[in-house]
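Below you'll find the structure, written out as structure tokens, and then a few comments.
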Amino acid sequence: MDATTPGRKPARTAPRGRNPRGQGERLRAEIVDAALRLLDELADDQALSLRAVAREVGIAATSVYIHFADRDALVLAALEHCHAGLLRAVDDAESGAADPVAALRARTALLGTWSREHPGLYKVLHESTLNRRSDMSFKDDMSERTTAAIRRCMDAGLVPHGDAETVSLDLRTAVHGAVSLRVNQPELPWPALEEQVDRFLTKLVGVPPAQR
2 MDATTPGRKP ARTAPRGRNP RGQGERLRAE IVDAALRLLD ELADDQALSL
52 RAVAREVGIA ATSVYIHFAD RDALVLAALE HCHAGLLRAV DDAESGAADP
102 VAALRARTAL LGTWSREHPG LYKVLHESTL NRRSDMSFKD DMSERTTAAI
152 RRCMDAGLVP HGDAETVSLD LRTAVHGAVS LRVNQPELPW PALEEQVDRF
202 LTKLVGVPPA QR
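Residue 2 is where the sequence shown starts when you use this note's numbering, and the numbers rise one by one after that.
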């Protein structure tokens, strides 16, 4: 696990104590964290039960309903929380970059690595039917930031000028395809993801090949 996803903890064996008055948000955060851990293991939001989440936290199942109307509401809140953490991690990765190309490479590498390390969450975030049932427009922030990163490379004259939105879409399609195929067909002889992502950056964006 990494900073964007809570580490796996043993299920509580004793009931969880009541939160002090006014600290209901702490319980809500614990429920969200537990849901994320289980989703990463299950790789299927339909397999998640509120009873299992409650058991993970050490509370009665009815307590979950105080904060979330149903499973979809909980999964959506968990994914939005996870995505916000991923955005912060990407910002941190970019912050130490020497130039726009290095920043683009850093953000793309981090997203690829996170997806490889959290295949369960990746599947729920991008491949679950929740995407068709619920508003997941919070994911647009990542797409827009990738487009902005590519545009900065173009404006600095470090890559060929073009339609940044189209280039961004091509790059995101390639990276997601590479990750999705690895998640769903792990038995194939895949090349190193980092090297494949570097080739995408070179062929689709026009950045110089990474020095290895």
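For glycine and all other residues, C-beta sits at the position ideal for the given N, C-alpha and C.
Remember, it's a predicted structure, so these values are computed and weren't measured experimentally.
request  = Could you spell out the range, first to last residue, of the alpha helix (DSSP H) harbouring Pro101?
outcome  = 101-118
task = Could you check which residue in Glu81, Leu159, Phe69 has the C-alpha nearest to that of Gly25?
result = Phe69
task = Provide the residue span of the alpha helix (DSSP H) that contains Ser169, from first to last.
result = 165-185
inquiry  = Measuring straight from C-alpha to C-alpha, what distance separates Leu112 and Leu75?
reply    = 24 Å
message = Going by DSSP in three states, Met155 sits in which element: helix, strand or coil?
response = helix
task = Would you check if the stretch 110-129 and the stretch 179-194 touch, i.e. whether three or more CB-CB distances between them fall below 8 Å?
result = yes
ask   = Which residues in the same chain as Leu88 place their Cβ atom closer than 8 Å to its Cβ, once the five residues preceding and following it in sequence are excluded?
value = Excluding residues up to 5 positions away in sequence, Asp142, Met143, Arg146 lie with their Cβ nearer than 8 Å to the Cβ of Leu88 in the same chain.
ask   = Starting from Thr63 and walking both ways along the alpha helix (DSSP H), at which residues does that stretch end?
value = Unbroken alpha helix (DSSP H) run through Thr63: 62-68.
query = With a Cβ-Cβ cutoff of 8 Å, do Ala62 and Arg52 count as a contact?
reply = yes
message = Just verifying my parser: in three-state terms, what is the DSSP assignment at Thr130?
response = coil
query = Near His84, what residues of its chain come up, given a Cβ to Cβ distance below 8 Å and the 5 sequence neighbours on each side ignored?
reply = Leu126, Phe139, Lys140, Asp142, Met143
Pick from Glu166, His119, Ala104, Arg133 that is closest to Ala157, judged by C-alpha positions = Ala104
Pro101 burial status per 10 Å Cβ neighbour count (16 or more: buried) = buried
inquiry  = Can you tell me whether Ala15 is helix, strand or coil according to DSSP?
reply    = Confidence in Ala15 is poor, its pLDDT being 47 and thus under 50, which makes the residue's placement too unreliable to answer from.
task = Measure how close the beta-carbons of Val168 and Val208 come, nearest whole angstrom, since I'm counting them as under 8 Å.
result = So it is not a contact: roughly 11 Å between Cβ atoms.
ask   = With a CB to CB cut of under 6 Å and the five nearest residues on each side skipped, what residues in its chain are close to Ser64?
value = none
request  = Confirm, please, whether the CB-CB distance from Val58 to Ala35 is below 8 Å.
outcome  = yes
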